[in-house]
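A.B. asks:
Numbering (the numbering used here), first residue to last: 21 to 538.
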């Protein structure tokens, strides 16, 4: 091997000269900050993956070099950078880093340019940061993770120590298994994209994850896509922005065990194809009196089998402009938005849609929930199902300006044990108006019916009464026709029935009615 031997280094203008023997005294100048850093120190804080011997050629096993690189980048609490050049890095096992000095930026050339691949011969897959020793801070971006084996690991298992802000940042990362087209044995990350614990102010942005397509049972092979857990520390103000998790049980699962827990969460422009949609819960909190506040969900879409969004034992919730679509192959009686034991919530401008032959309710508020407002939501529901339901012990809640389109479902049901504290602000749906006065519900309407044999007719209410304690009066509403009397025969929480004396089958007739219920 030939060598180039020099004693000194100098720029072309000879403005400065450095003895090679004294290279560790040379400096890298930061002009904007007017400071200098030892060149050796500067180099020691920044390295690339290929500096450790990785090939990234998609042929050679780079496991040893990737492990060394990640051990190095996690080795200085002051912070280090690791660049991952474009390429395909083959790994034969999971990469595990356990250091409380882990304070690093790890970045690739882009999620479609830099990739880590676990082939069919790999023994395990995924990255584990802080498996037993929580890390200080990690910033990751710009690479993909692909497994060709079935593993119970997530693509990323990360545990922070909760000590500082912006502890975990993850951007432009794609993770998937080769089973994503419905062939599970081809490989998948059983733990989803990310399992993150105790990170303060985490930011998740522009992420994509695929589980196993093909059926509801395949989706459930991956229980969660992104799981955030406040276990030993609070997790303040997580931001989840433009994250997509498909073919999974829950795309997003957020749980507070520690007190305080996950607070101030923001979710914006996310989507998922899933069984259960997103869940936010503190049901298993260390303090049953604790309700984590400030869950803000906007412009998010789920196509789901059973539940679109599920809030359980949380404080303040705002859901704005989601699109929630029932899976066309679902056989479950589903709920688009479920709120259980929620202290305050606003659900507005949602679009909720069933599919042919599916069974779907819209917004269901239950448990000890209170102060829930559902307004300006649009529902496309099947016959017999309801847009807004107040049940359980729901109190001090209201619905208004909600509407049904292209459907024969019911708009509102107030079957709560504290129904009198809930209200339905006057609304008009089709040709029926309902008004609630304390415990009294008054319906007035005028509807055209087609008479059956013997002049029989039935009028279905747009929204049912909560119980059968009710009275009803119906009259002929067609003033230009003969004033044939109307006889009432039956009434129920959903409808009234009667007949026109001397009514002719097939004739159109108008019925004016007033119904009072409690």
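Note that the Cβ used here is the ideal one computed from N, Cα and C, for glycine as well. Predicted, not measured: the structure shown is a model, and the values here were computed from it.
At a cut of 8 Å, does the stretch 467-487 reach the stretch 425-437 through at least three beta carbon pairs?
C.D. replies: The answer is yes - the stretch 425-437 touches the stretch 467-487, with three or more Cβ pairs under 8 Å.
A.B. asks: If you count every other CB in all the chains shown that lies within 10 Å of the CB of residue 268, and 16 or more means buried, which is it?
C.D. replies: Counting from one through the chain shown, the residue named residue 268 turns up at place 248. Residue 268 comes out buried.
A.B. asks: What is the C-beta distance between residue 416 and residue 396, in whole angstroms, given that I count them as a contact (C-beta under 8 Å)?
C.D. replies: By 1-based counting over the chain shown, the position of residue 416 is 396. By 1-based counting over the chain shown, the position of residue 396 is 376. About 20 Å separates the two Cβ atoms, so there is no contact after all.
A.B. asks: Could you please give me the residues that DSSP links to residue 519 through a beta bridge?
C.D. replies: Locating residue 519 in the chain shown gives position 499, where the first residue counts as 1. Residue 519 is bridged to 476, 507.
A.B. asks: Consult DSSP for residue 291 and reduce its assignment to one of helix, strand or coil.
C.D. replies: In the chain shown, counting from the first residue as 1, residue 291 sits at position 271. It is a strand residue.
A.B. asks: Whole angstroms is fine: what's the gap from residue 2's alpha carbon to residue 127's?
C.D. replies: Here the chain comprises residues numbered 21 to 538, so residue 2 is not present and cannot be evaluated.
A.B. asks: Measure the alpha-carbon distance for residue 337 versus residue 293 and round it to whole angstroms.
C.D. replies: Translated into positions along the chain shown, residue 337 becomes position 317. Translated into positions along the chain shown, residue 293 becomes position 273. Roughly 23 Å separates the two Cα atoms.
A.B. asks: Would you check if the distance between the CB atom of residue 229 and the CB atom of residue 245 is smaller than 7 Å?
C.D. replies: In the chain shown, counting from the first residue as 1, residue 229 sits at position 209. In the chain shown, counting from the first residue as 1, residue 245 sits at position 225. Cβ atoms of residue 229 and residue 245: closer than 7 Å.
A.B. asks: Please state the DSSP three-state secondary structure of residue 275.
C.D. replies: If you number the chain shown from 1, residue 275 lands on position 255. Residue state, collapsed to three classes: strand.
A.B. asks: Could you tell me how far apart the beta carbons of residue 174 and residue 146 are, in whole angstroms, since I believe they sit closer than 8 Å?
C.D. replies: Working through the chain shown from its first residue, we reach residue 174 at position 154. Working through the chain shown from its first residue, we reach residue 146 at position 126. Their Cβ separation, rounded to whole angstroms, is 6 Å, which keeps residue 174 and residue 146 in contact under 8 Å.
A.B. asks: Alpha carbon to alpha carbon, what distance is there between residue 140 and residue 87?
C.D. replies: Within the chain shown, numbered from 1, the residue matching residue 87 stands at position 67. Within the chain shown, numbered from 1, the residue matching residue 140 stands at position 120. The straight-line gap from Cα to Cα measures roughly 20 Å.
A.B. asks: Is it buried or exposed for residue 429, if we count other Cβ within 10 angstroms and need 16 for buried?
C.D. replies: Start at 1 with the first residue of the chain shown, and residue 429 comes out as number 409. Counting Cβ neighbours within 10 Å, residue 429 comes out buried, since at least 16 surround it.
A.B. asks: Spatial neighbours of residue 358 within its chain, please: CB distance less than 6 Å, with the 5 preceding and 5 following residues excluded, ordered by chain position.
C.D. replies: Stepping through the chain shown from its first residue, residue 358 is reached at position 338. Same-chain partners within the cutoff: 327, 330, 384.
A.B. asks: Hey, quick one: how far does the beta strand (DSSP E) through residue 114 stretch, first residue to last?
C.D. replies: To locate residue 114, count along the chain shown from 1; it is residue 94. Note, residue 114: premise wrong, no beta strand (DSSP E); not H, not E.
A.B. asks: Checking 7 Å against the spacing of the C-beta atoms, do residue 372 and residue 387 come in under that value?
C.D. replies: Taking the first residue of the chain shown as 1, we reach residue 372 at position 352. Taking the first residue of the chain shown as 1, we reach residue 387 at position 367. No. Outside cutoff.
A.B. asks: For the alpha helix (DSSP H) containing residue 88, name the first residue and the last one.
C.D. replies: If you number the chain shown from 1, residue 88 lands on position 68. Segment 83-93, the alpha helix (DSSP H) holding residue 88.
A.B. asks: So which of 461, 475, 469, 352 has the shortest CA-CA distance to residue 492?
C.D. replies: For the purposes of this step, residue 492 is taken as the residue at position 472 of the chain shown. Among 461, 475, 469, 352, the Cα nearest to that of residue 492 is on 461.
A.B. asks: In angstroms, rounded to a whole number, what distance separates the CA positions of residue 92 and residue 322?
C.D. replies: Position 72 of the chain shown holds residue 92. Position 302 of the chain shown holds residue 322. Taking the straight line from one Cα to the other gives about 40 Å.
A.B. asks: Quick check on residue 532: does DSSP put it in helix, strand or coil?
C.D. replies: Position 512 of the chain shown holds residue 532. Here residue 532 sits in strand by DSSP.
A.B. asks: Going by C-alpha to C-alpha distance, which of 289, 233, 183, 470 sits closest to residue 20?
C.D. replies: No answer is possible for residue 20: the residues shown for the chain start at 21 and end at 538.
A.B. asks: Using DSSP bridges, identify the partner residues of residue 456.
C.D. replies: Translated into the one-based positions of the chain shown, residue 456 becomes position 436. 461.
A.B. asks: For residue 457, count neighbouring C-beta atoms within 10 Å of its own C-beta (all shown protein chains included) and say buried if the count is 16 or more, exposed if not.
C.D. replies: Position 437 of the chain shown, counting from 1, holds the residue named residue 457. Residue 457 should be labelled exposed.
A.B. asks: Go to residue 103, then tell me how far its beta strand (DSSP E) extends in each direction, as first and last residue.
C.D. replies: Counting from one through the chain shown, the residue named residue 103 turns up at place 83. From DSSP, the beta strand (DSSP E) with residue 103 extends over 100-104.
A.B. asks: My assumption, with CB atoms under 8 Å, is that residue 312 sits in contact with residue 298. Please give the rounded CB distance.
C.D. replies: As a working note, residue 312 is residue 292 in the chain shown. As a working note, residue 298 is residue 278 in the chain shown. Not quite, the Cβ-Cβ distance comes to about 15 Å (not below 8 Å), so this is no contact.
A.B. asks: Given a cut-off of 7 Å, decide if residue 89 and residue 121 are closer than it, judged by their beta-carbon atoms.
C.D. replies: The count along the chain shown starts at 1 and reaches residue 121 at position 101. The count along the chain shown starts at 1 and reaches residue 89 at position 69. Going by C-beta atoms, residue 121 is not nearer than 7 Å to residue 89.
A.B. asks: Going by the beta-carbon positions, is the gap between residue 521 and residue 504 smaller than 7 Å?
C.D. replies: The sequence position of residue 521 within the chain shown is 501, counting from 1. The sequence position of residue 504 within the chain shown is 484, counting from 1. Yes, Cβ-Cβ distance for residue 521 and residue 504 is below 7 Å.
A.B. asks: With a Cβ-Cβ cutoff of 7 Å, do residue 112 and residue 82 count as a contact?
C.D. replies: Indexing the chain shown from 1 puts residue 112 at position 92. Indexing the chain shown from 1 puts residue 82 at position 62. No. Outside cutoff.
A.B. asks: Out of curiosity, what's the CA-to-CA distance linking residue 264 and residue 271?
C.D. replies: What you label residue 264 is simply residue 244 of the chain shown in a count that begins at 1. What you label residue 271 is simply residue 251 of the chain shown in a count that begins at 1. When rounded, the distance between both Cα atoms is 8 Å.
A.B. asks: Give the straight-line distance between the Cα atoms of residue 192 and residue 209, rounded to the nearest whole angstrom.
C.D. replies: Stepping through the chain shown from its first residue, residue 192 is reached at position 172. Stepping through the chain shown from its first residue, residue 209 is reached at position 189. Cα-Cα distance, rounded: 18 Å.
A.B. asks: Apart from the five residues on each side of it in sequence, which residues of its chain come closer than 8 Å, Cβ to Cβ, to residue 426?
C.D. replies: Position 406 of the chain shown, counting from 1, holds the residue named residue 426. Result list for residue 426: 400, in chain order.
A.B. asks: How many angstroms separate the CA atom of residue 320 from the CA atom of residue 477?
C.D. replies: Counting from one through the chain shown, the residue named residue 320 turns up at place 300. Counting from one through the chain shown, the residue named residue 477 turns up at place 457. Roughly 43 Å separates the two Cα atoms.
A.B. asks: Exposed or buried, what is residue 463 when buried is set at 16 or more other beta-carbons lying within 10 Å of its beta-carbon?
C.D. replies: In the chain shown, residue 463 corresponds to position 443, counting from 1. The residue is buried, with at least 16 neighbouring Cβ atoms inside 10 Å.
A.B. asks: Whose C-alpha, out of 138, 189, 176, is nearest the C-alpha of residue 123?
C.D. replies: On the chain shown, residue 123 is found 103 positions in, with the first residue counted as 1. For the residues 138, 189, 176, the minimum Cα distance to residue 123 belongs to 189.
A.B. asks: Output the boundary residues of the alpha helix (DSSP H) element that contains residue 236.
C.D. replies: By one-based count along the chain shown, residue 236 stands at place 216. Taken as a continuous stretch (DSSP letters only), the alpha helix (DSSP H) holding residue 236 covers 236-239.
A.B. asks: By the three-class DSSP mapping on this structure, what secondary structure does residue 69 have?
C.D. replies: Here the question's residue 69 lines up with position 49 in the chain shown. It is helical.
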